[in-house]
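Report on the following structure.
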Amino acid sequence: MDAVSWVRGFLGGNMEIMASLACFLFLFFRFRRWDGLPTSWPVIGVLPALCVNTGRMHDWLTELLHAAGMSYVMRRRWGLPVDVLVTADPANVAHVLSANFDNYPKGARYNTVFSVLGDGIFNADGESWSFQRRKAHALLSDAGFRAAVAANTAGKLDEGLVPLLDGLATSGTTVDLQDVFMRLTFDLTAMFVFGIDPGCLAADFPHVPFAAAIDDTEEVLVYRYVTPVPWVKLQSYLNIGHRQKMSKARRVLDASIAELVSLRRQRAANSTCEAGTDLLTSYMACQAEVGKVGAEFDRFLRDTTLNLVFAGRDTTSSALSWFFWLLSNHPDVEAKILAELLENPPASGAGHHRTTAELTRLVYLHAALSESLRLYPPLPFQYKSVAGPDTLPSGATVGPSSVVIIPFYSMGRMEAVWGKDCLEFRPERWLTAEGRFRHEPSHKFVAFNMRPRTCLGKDLAYAQMKAVVAAVVPRFQLEVAAGAAARPKPKLSPILHMKDGLEVRVHKR
Numbered sequence: 011m012d013a014v015s016w017v018r019g020f021l022g023g024n025m026e027i028m029a030s031l032a033c034f035l036f037l038f039f040r041f042r043r044w045d046g047l048p049t050s051w052p053v054i055g056v057l058p059a060l061c062v063n064t065g066r067m068h069d070w071l072t073e074l075l076h077a078a079g080m081s082y083v084m085r086r087r088w089g090l091p092v093d094v095l096v097t098a099d100p101a102n103v104a105h106v107l108s109a110n111f112d113n114y115p116k117g118a119r120y121n122t123v124f125s126v127l128g129d130g131i132f133n134a135d136g137e138s139w140s141f142q143r144r145k146a147h148a149l150l151s152d153a154g155f156r157a158a159v160a161a162n163t164a165g166k167l168d169e170g171l172v173p174l175l176d177g178l179a180t181s182g183t184t185v186d187l188q189d190v191f192m193r194l195t196f197d198l199t200a201m202f203v204f205g206i207d208p209g210c211l212a213a214d215f216p217h218v219p220f221a222a223a224i225d226d227t228e229e230v231l232v233y234r235y236v237t238p239v240p241w242v243k244l245q246s247y248l249n250i251g252h253r254q255k256m257s258k259a260r261r262v263l264d265a266s267i268a269e270l271v272s273l274r275r276q277r278a279a280n281s282t283c284e285a286g287t288d289l290l291t292s293y294m295a296c297q298a299e300v301g302k303v304g305a306e307f308d309r310f311l312r313d314t315t316l317n318l319v320f321a322g323r324d325t326t327s328s329a330l331s332w333f334f335w336l337l338s339n340h341p342d343v344e345a346k347i348l349a350e351l352l353e354n355p356p357a358s359g360a361g362h363h364r365t366t367a368e369l370t371r372l373v374y375l376h377a378a379l380s381e382s383l384r385l386y387p388p389l390p391f392q393y394k395s396v397a398g399p400d401t402l403p404s405g406a407t408v409g410p411s412s413v414v415i416i417p418f419y420s421m422g423r424m425e426a427v428w429g430k431d432c433l434e435f436r437p438e439r440w441l442t443a444e445g446r447f448r449h450e451p452s453h454k455f456v457a458f459n460m461r462p463r464t465c466l467g468k469d470l471a472y473a474q475m476k477a478v479v480a481a482v483v484p485r486f487q488l489e490v491a492a493g494a495a496a497r498p499k500p501k502l503s504p505i506l507h508m509k510d511g512l513e514v515r516v517h518k519r
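In this note's numbering, the protein residues as written are 11 to 519.
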């Protein structure tokens, strides 16, 4: 058989294959993007790129926004029922989160996914959100409450964290520092929300069902957020998979909070709890103002306190974990923090904790924490629905069939916002030539959101983080364990946790 006959025979017998290959090549070169942006395919849009990059979503969005000029629209296609505007443009951020705030509520989709949080401050919009914010602001501003939080923090550091690290340094045992900080902040948060220490931070690392249920809830929330709605509904109908895990976690959360509320009511009846030292007691004292009774008021207490536990435990533990990882890779920064701590001892003497005012004077530490929060914000993104048509400062248009995602993680990595050294951990960027702290506008540094939803616990979070650093750094050096990843992989979660934790070895100074 000559070559021509062979080719004719091959083509004749494989015409379907050849036609399919030609069709694929045509579509590939017709729709392929060569500018670094994902290909938007017919029918499925950018869904393949989303699926491929699910495990590195935060870094992928950062790369995408670098290539797109800080804003990118994912058009609705199969599996993506709305247009999604992803933007890290500070002007757009200020417009969405502040200037035209009322046009960008959380929305029904958000409330459906995060339904476990009920009508707490994370989910609430409108008057419900305004009321909860006013009440929380009044409580967090109370001098007695702040004094109680400072005392509880000092006690937990003295009796929990420092002895634990001291024992680990003596034994030479490695430990997951992220787990340690999550236990620490869970205890601290439970103390200022419920007035009770659950004892999660202990040498034997006890299993605390309430804390474990929060972990399971976060895992399911992300799954529900990125999974097509029909599949989520099917699992809900059959009560299998993640639906089953959520159901179990929710029962534990509800039972745990109900037990704590009952205990506080007993203490209040016996006059053994002091008003103003924990949020639950303060909320229980203002039932008339809340305007709810019976089961409705119990639901209000459940939703409100659960939201505060989520906010207090996970954000601070995430921030501390990334901060100490950065210190382990930047000994020069650690040395400067140590020097500042030694140069500014507590007025009450060695071995005592610094007052809130003394912590405020630790300017370099404040700069280092802010720099860490810029690169690794505990809340890596903000999701907003759109109530009505609007045009953003960048020229992008949105409407009720759109959602807006603001990736705070990516914003800290935008060269147009932070300069060519945006990927470097450099606390000095936060200091003036005179050594004073340089404040950045909230639409640029968004780790604590911006008005009117600025994080109410911002000052409290800074104070607690400084107290932890001041207790740990002069006593211990934390070394990332051999074999750990060069850079921890962020977990796909509402909170920027490290996927595999942070294994460290503790050394005494």
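Just so you know, even glycine gets a beta-carbon here, dropped at the ideal spot from N, CA and C. Computed from a predicted structure; not experimentally measured.
Check: Ala426 versus Leu375: straight-line alpha-carbon distance, rounded; Outcome: 26 Å
Check: Any 3 or more C-beta pairs closer than 8 Å across the segment 487–497 and the segment 321–340; Outcome: yes
Check: Tyr522, enclosing beta strand (DSSP E) - first and last residue; Outcome: Since the displayed the chain opens at 11 and closes at 519, residue 522 lies outside it and no answer follows.
Check: Contiguous alpha helix (DSSP H) assignments of at least 4 residues, all confined to the segment 399–427; Outcome: 418–421
Check: Every unbroken alpha helix (DSSP H) within the segment 72–141, with a cutoff of 4 residues, ordered by chain; Outcome: 100–104 and 117–123
Check: Every unbroken alpha helix (DSSP H) inside the segment 493–519 [4 residues or more]; Outcome: none
Check: First and last residue of the uninterrupted beta strand (DSSP E) at Glu489; Outcome: Phe486 to Val490
Check: Which listed residue (Pro417, Arg144, Pro498 and Thr366) has its alpha carbon closest to that of Ala480; Outcome: Thr366
Check: Extent of the continuous alpha helix (DSSP H) to which Ser327 belongs; Outcome: Gly304 to Asn339
Check: Contact belief for Ala259 with Thr227 at Cβ below 8 Å, rounded distance in angstroms; Outcome: 5 Å
Check: Pick from Val62, Val414 and Pro387 that is closest to Ala397, judged by C-alpha positions; Outcome: Val414
Check: With 16 other Cβ atoms within 10 Å as the buried cut-off, status of Gln474; Outcome: buried
Check: Leu149 beta carbon less than 7 Å from that of Leu270; Outcome: no
Check: Reduced DSSP category for Val185 - H, G, I as helix; E, B as strand; rest coil; Outcome: strand
Check: Cβ shell of His68 (< 6 Å), same chain only, five flanking positions each side left out; Outcome: Pro390, Tyr419 and Pro500
Check: Three-state class that DSSP yields for Lys430 in the structure shown; Outcome: coil
Check: Straight-line Cα distance separating Ile347 from Asn339; Outcome: 14 Å
Check: DSSP beta-bridge partners of Lys5; Outcome: For the chain, the structure presents residues 11 to 519; residue 5 sits outside this window and is missing.
Check: Endpoints, the alpha helix (DSSP H) within which Asp469 is located; Outcome: Lys468 to Val482
Check: Contacts around His453, its chain only, beta-carbon distance under 8 Å, and the 5 residues preceding and following it disregarded; Outcome: Pro100, Ala101, Val103, Ala104, Leu107, Ser108 and Met460
Check: Straight-line gap, Gly79 to Thr64 (C-alpha atoms, nearest Å); Outcome: 22 Å
Check: Span of the alpha helix (DSSP H), counted from its first residue to its last, around Tyr386; Outcome: From DSSP, Tyr386 is part of no alpha helix (DSSP H); its letter is neither H nor E.
Check: Coarse secondary structure for Phe447, derived from DSSP in three states; Outcome: strand
Check: Burial state of Asn521, where buried means 16 or more other Cβ atoms lie within 10 Å; Outcome: With the chain covering only 11 through 519, there is no way to say anything about residue 521.
Check: Cβ-based neighbour list, Glu438, same chain, cut-off 8 Å, excluding 5 preceding and 5 following; Outcome: Ala377
Check: At least 3 beta-carbon pairs within less than 8 Å: the segment 162–181 vs the segment 311–328; Outcome: no
Check: Boundaries of the alpha helix (DSSP H) in which Glu438 is found, first to last residue; Outcome: Here Glu438 belongs to no alpha helix (DSSP H), and DSSP marks it neither H nor E.
Check: For Pro498 and Pro219, the rounded distance between their alpha carbons; Outcome: 27 Å
Check: Inter-stretch contact at 8 Å, needing at least 3 Cβ pairs: the segment 113–123 / the segment 442–451; Outcome: no
Check: Proximity winner among Ala477, Val514, Gly493 and Leu263, relative to Thr195 (alpha-carbon distances); Outcome: Ala477
Check: Contacting residues, own chain, Cβ-Cβ under 8 Å from Arg384 (five flanking each side not counted); Outcome: Gly422, Trp428, Phe455 and Ala457
Check: Check whether Arg312 and Ile267 have beta carbons under 7 Å apart; Outcome: yes
Check: 6 Å CB neighbourhood of Met201 in its chain, flanking five on each side removed; Outcome: Asn162 and Asp207
Check: Cβ-based burial, Pro504 [other Cβ within 10 Å; buried from 16]; Outcome: buried
Check: Beta-carbon proximity list for Asp135, same chain, < 6 Å, skipping 5 on both sides; Outcome: Pro115 and Lys116
Check: Ser411, buried or exposed, once every other Cβ within 10 Å from all chains shown has been counted against 16; Outcome: exposed
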